[in-house]
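Under the UniProt record's numbering, the first residue of the sequence shown carries the number 1, and numbering increases by one thereafter.
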Amino acid sequence: MSDWAGLAWLVVLLVANAFFVGAEFAVISARRSQIEPLAERGSRAAKTSLYAMEHATLMLATSQLGITICSLLILNVSEPAIHHLLAVPLELTGLSYAVVDVIAFVIALVLVSYLHVVFGEMVPKNLAFSVPDRAVLMLAPPLVWVSKVFHPVIVTLNWIANHIVRLFRVEPKNEATSTYTLEEVATIVAQSRMEGVLEDTAGTVAAVVEFTEKKASDIAVPLADLLTLPQNTTPKQIERAVAKNGFSRYVIVDPAGIPLGYVHLKDILRAAEGEDAATDVIRPIDPARIHHMVPVTENTDLEDALALMREQGRHLAQVRDAGGTITGVLFLEDVIEELVGEVQDATRRGWRNER
Numbered sequence: 001m002s003d004w005a006g007l008a009w010l011v012v013l014l015v016a017n018a019f020f021v022g023a024e025f026a027v028i029s030a031r032r033s034q035i036e037p038l039a040e041r042g043s044r045a046a047k048t049s050l051y052a053m054e055h056a057t058l059m060l061a062t063s064q065l066g067i068t069i070c071s072l073l074i075l076n077v078s079e080p081a082i083h084h085l086l087a088v089p090l091e092l093t094g095l096s097y098a099v100v101d102v103i104a105f106v107i108a109l110v111l112v113s114y115l116h117v118v119f120g121e122m123v124p125k126n127l128a129f130s131v132p133d134r135a136v137l138m139l140a141p142p143l144v145w146v147s148k149v150f151h152p153v154i155v156t157l158n159w160i161a162n163h164i165v166r167l168f169r170v171e172p173k174n175e176a177t178s179t180y181t182l183e184e185v186a187t188i189v190a191q192s193r194m195e196g197v198l199e200d201t202a203g204t205v206a207a208v209v210e211f212t213e214k215k216a217s218d219i220a221v222p223l224a225d226l227l228t229l230p231q232n233t234t235p236k237q238i239e240r241a242v243a244k245n246g247f248s249r250y251v252i253v254d255p256a257g258i259p260l261g262y263v264h265l266k267d268i269l270r271a272a273e274g275e276d277a278a279t280d281v282i283r284p285i286d287p288a289r290i291h292h293m294v295p296v297t298e299n300t301d302l303e304d305a306l307a308l309m310r311e312q313g314r315h316l317a318q319v320r321d322a323g324g325t326i327t328g329v330l331f332l333e334d335v336i337e338e339l340v341g342e343v344q345d346a347t348r349r350g351w352r353n354e355r
């Protein structure tokens, strides 16, 4: 092979090495959420990219095989050609053959290493990191094709690698991670707000992240802080309580102070309807008009408590400890406030005693 052919092979091998490096980092860095919509619209490149992301270990094995072969060929084909091209003019200096050979070798090695690291490794890696979604659509299809051509070799190498990994009590993963833990999401939100990428002036996004970590006991109102009414209270007394305190819902308790349920302002209005309204408003409220509260435990996740309250159409929930004793009441308003900020009651904010 001529020296100039060796230089031509250097260019070809650098491009091939850059392809495998870029494809490797693109498959790892690409976001599945950005590729799936394209695949659903019929993009073949997107479908192939999803296949590559779902078989990440095979794609990585393909890339590593390609990078290794390209690197070896560069050293064995291109470096000798550059070495020889440099040795010819250096011999004109009158230096001994041994000195010329060492100088030419060092210059060729440094030059090839520089070209290999910069153009064969760093440039494609940085491009794939900068635009991973575009890079994976461009590079994944040919990478998958190469993996199928050399399938037996790649599968064998991957099988050996996986078994070596298992010797360290680590289970190898086949698919690139495309989901985030709650802590990672919280970090992403905080960092995005700091850099001005995410505007969350009301704190709603951050509140949603924190919401999933809270339990019913975190925002339940203790029994001692509740503004309650006795079991034998009348619609007239409830009406006066509404006029005095402005709350639209009141917890009804038995003589021992144990919550039985709650009444709403609209229950008073219903009691004041009909021919017997004058008598009904001074009688103890009909037990049928007392709404039961959803039972939850102190360790119930707040999102689960919200789901139960929505499912049963209740605005309040009883919070019980491990022994079954009622320790507080959970208000739908307070749960919603954890998500969207302060919510105003129909007549006045809050259903608890002023502190």
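We put the beta carbon where it would ideally sit given N, CA and C, even for glycine.
Relative to the Cα of R134, the nearest Cα in the group L75, L95, L50 belongs to L50. Under DSSP, F331 takes part in a beta bridge, and its partners are L316.
Under the DSSP assignment, H163 falls in the alpha helix (DSSP H) whose first and last residues are 151-167. Look at the beta carbons and you see the region 37-52 not touching the region 11-19: under three pairs across the two are nearer than 8 angstroms. Here the region 90-105 does not lie against the region 48-68, with fewer than 3 beta-carbon pairs under 8 angstroms apart.
V251 places its beta carbon less than 7 angstroms from that of T228. In the structure shown, V131 falls within a coil segment according to DSSP collapsed to helix, strand and coil.
Beta-bridge partners assigned by DSSP to I252: L229, G261. Counting the other CB atoms within 10 Å of its CB gives Q318 a total of 16 or more, which places it among the buried residues. For P284, the closest alpha carbon among the candidates D254, P235, P259 is that of P235.
From the listed residues L139, L38, I258, the smallest Cα separation to G22 is found for L139.
The DSSP-derived three-state label of I326 is strand. In the DSSP assignment, H83 is bridged to no other residue.
The alpha-carbon separation between A161 and L167 amounts to approximately 10 angstroms.
Apart from sequence neighbours up to five positions away, the residues of its chain that approach H84 with a beta-carbon distance below 7 angstroms are D3, ordered along the chain. With respect to V136, A26 sits close: the two C-beta atoms are nearer than 7 angstroms. Rounded to whole angstroms, the separation of the alpha carbons of K173 and P141 is 21 angstroms. Between L95 and S63, the alpha-carbon positions lie close to 43 angstroms from each other. Membership of T57 in the alpha helix (DSSP H) is indicated by the continuous run 56-73. With fewer than 16 other beta carbons inside 10 angstroms of its own, G246 counts as exposed. When Cβ pairs closer than 8 angstroms are counted between the two stretches, the region 27-47 is seen not to touch the region 105-116, the count staying below three. Contact between V253 and Q237 does not hold, since their C-beta atoms are separated by about 14 angstroms, which reaches or exceeds 8 angstroms. In this structure, DSSP gives H116 a helical state, which the three-state scheme calls helix. An exposed status is given to T156, since fewer than 16 other beta-carbon atoms sit within 10 Å of its beta-carbon.
Beyond the five residues adjoining it in sequence on each side, V144 comes within less than 7 angstroms, by CB distance, of T48, Y51, A52 in the same chain, given in chain order.
When C-alpha distances from D334 are compared across L306, F19, P132, V102, the shortest belongs to L306. With fewer than 16 other Cβ atoms from the protein chains shown falling within 10 Å of its own Cβ, Y97 counts as exposed. When the alpha-carbon of I258 is set against those of K266, I326, A322, D304, the nearest one is in I326. Beyond the five residues adjoining it in sequence on each side, E121 comes within less than 6 angstroms, by CB distance, of V21 in the same chain, given in chain order. DSSP places P37 inside the alpha helix (DSSP H), whose first and last residues are 32-40. According to DSSP, H291 shares a beta bridge with Y262. The residue from A224, L265, L223 with its alpha-carbon nearest to that of A243 is L265. Closest by C-alpha distance to L60, out of N158, E239, L75, is N158.
Each residue's CA atom was taken as its position, placing I282 and D267 some 14 angstroms apart. DSSP places T297 within a strand segment (E or B) once states are collapsed to three.
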